[in-house]
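A.B. asks: Shown below is the structure under consideration.
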Amino acid sequence: SATTRELDVRADAERGEGGSLRECVAGPTRQTACMNVSDAVLARKSVRAFLPEPISDETIAQLLTTASRAPSGGNVQPWRIYVVNGESMARFRAFLADRPVEAPAYDIYPSPLDEPYRSSRFKIGGDMCATLGIERDDKAGRLGQFAKNLDFFGAPAAIFCFIDRIMGPPQWSDLGMFLQTFMLLAQEAGIDTCPQEAWAVYEQAVSEFVGAPAEQRIFCGVAVGHADPDAPINSLTTEREPLAVFATFV
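Each step along the sequence shown adds one to the number in this note's numbering, with nothing skipped, and position 206 is 238.
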């Protein structure tokens, strides 16, 4: 059953021609009414420190089911999702403990990464280190923080996102829309997330553990849980460029 801090995402009632009426029930430290889309977008962030409080399989299943309404060209629905949670998360952490890091399954960033993208990437790295009190030249500290990626930052649950190797950029776009939809629904439910492309360095290990067939390739993992409100790293909010930088009205 869902925890008291989770939204009862099953409490949906059809209202006929007028659309649907959602009864929202939230936990004591979360929203007390339905969160609108704008609020969910602004509230979502990549959480990098989680509480151990569990998330039920039923809640994750409902979030994934609703997220499958995300746009998909030709209704191909290319996402293939594997859930690790509870006992399987414990087994996965033990399984991964003695596995060597692999060559990345894909280039997470282009090489070289040109401006202005390079500056944006390095700024967020610097901001995270400053928030954690890690000096720029503290290589061990930076590597230690990166290693937390591979523990899902302590999250009790996660999903792995795979896609068939025959798929191209349009289907990868579909997968991205599915992921954003999932994360916004999770935010509505009072659940935090962190999408992690770092799992590209463990494609073979993850594939072996979850039983993904050879024709599928990994895209990312997503940590799922409740943010630790006392963790300094969770106080960081990334900057976004102003509209004039990325949008042109013709």
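Virtual Cβ for every residue (Gly too), placed ideally from N, Cα, C.
Looking at residue 227 and residue 120, is the spacing between their C-beta atoms short of 8 Å?
C.D. replies: no
A.B. asks: Which same chain residues, not among the five before or five after residue 237, have their C-beta less than 8 Å away from its C-beta?
C.D. replies: Hits under 8 Å: 127, 128, 131, 134.
A.B. asks: Please give me, in chain order, every unbroken run of the beta strand (DSSP E) with length at least 3 that falls completely inside the region 161-205.
C.D. replies: Runs of the beta strand (DSSP E) spanning 3 or more residues and lying entirely within the region 161-205 occur at 189-196, in chain order.
A.B. asks: Of the residues 82, 76, 71, 222, which one's Cα is nearest the Cα of residue 263?
C.D. replies: By alpha-carbon distance to residue 263, the top candidate from 82, 76, 71, 222 is 82.
A.B. asks: Could you tell me if residue 106 is buried or exposed, where buried requires 16 or more neighbouring beta carbons within 10 angstroms of its beta carbon?
C.D. replies: exposed
A.B. asks: Between residue 68 and residue 93, what straight-line distance do the alpha-carbon atoms span, to the nearest angstrom?
C.D. replies: 21 Å
A.B. asks: So the candidates are 85, 91, 95; which of them puts its Cα closest to the Cα of residue 211?
C.D. replies: 95
A.B. asks: Which residues in the same chain as residue 113 place their Cβ atom closer than 8 Å to its Cβ, once the five residues preceding and following it in sequence are excluded?
C.D. replies: The answer, listed in chain order, is 96, 191, 192, 193, 194.
A.B. asks: Helix, strand or coil for residue 224? Go by DSSP, reduced to three states.
C.D. replies: strand
A.B. asks: Can you look up residue 68 in the DSSP assignment and give me helix, strand or coil?
C.D. replies: Residue state for residue 68 is assigned as coil, using DSSP reduced to three classes.
A.B. asks: Please state whether DSSP places residue 253 in a helix, a strand or coil.
C.D. replies: strand
A.B. asks: Tell whether a beta-carbon distance below 8 Å holds between residue 249 and residue 197.
C.D. replies: yes
A.B. asks: Applying the criterion that 16 or more other CB atoms from any shown protein chain within 10 Å of the CB defines a buried residue, is residue 184 buried or exposed?
C.D. replies: That one is buried.
A.B. asks: Could you spell out the range, first to last residue, of the beta strand (DSSP E) harbouring residue 92?
C.D. replies: That residue, residue 92, is in no beta strand (DSSP E); its alpha helix (DSSP H) goes 89-99.
A.B. asks: Taking 8 Å as the cut-off, does the region 247-261 touch the region 197-208 (at least 3 CB pairs, one atom from each stretch)?
C.D. replies: Result yes; three or more Cβ-Cβ pairs closer than 8 Å.
A.B. asks: Spatial neighbours of residue 173 within its chain, please: C-beta separation below 8 Å, excluding the five flanking residues on both sides.
C.D. replies: 161, 164, 166, 167
A.B. asks: Determine which residues share a DSSP beta bridge with residue 107 and list them.
C.D. replies: DSSP lists no partner for residue 107.
A.B. asks: Quick one: what does DSSP say residue 153 is sitting in, helix, strand or coil?
C.D. replies: Looking at residue 153 - three-state DSSP - the assignment turns out to be helix.
A.B. asks: Cβ of residue 156 within 8 Å of Cβ of residue 229?
C.D. replies: Residue 229 is positioned such that its CB atom lies no closer than 8 Å to that of residue 156.
A.B. asks: Could you tell me the boundaries of the beta strand (DSSP E) in which residue 131 lies?
C.D. replies: From DSSP, residue 131 is part of no beta strand (DSSP E); its letter is neither H nor E.
A.B. asks: List the DSSP bridge partners of residue 78.
C.D. replies: Beta-bridge pairing links residue 78 to 225.
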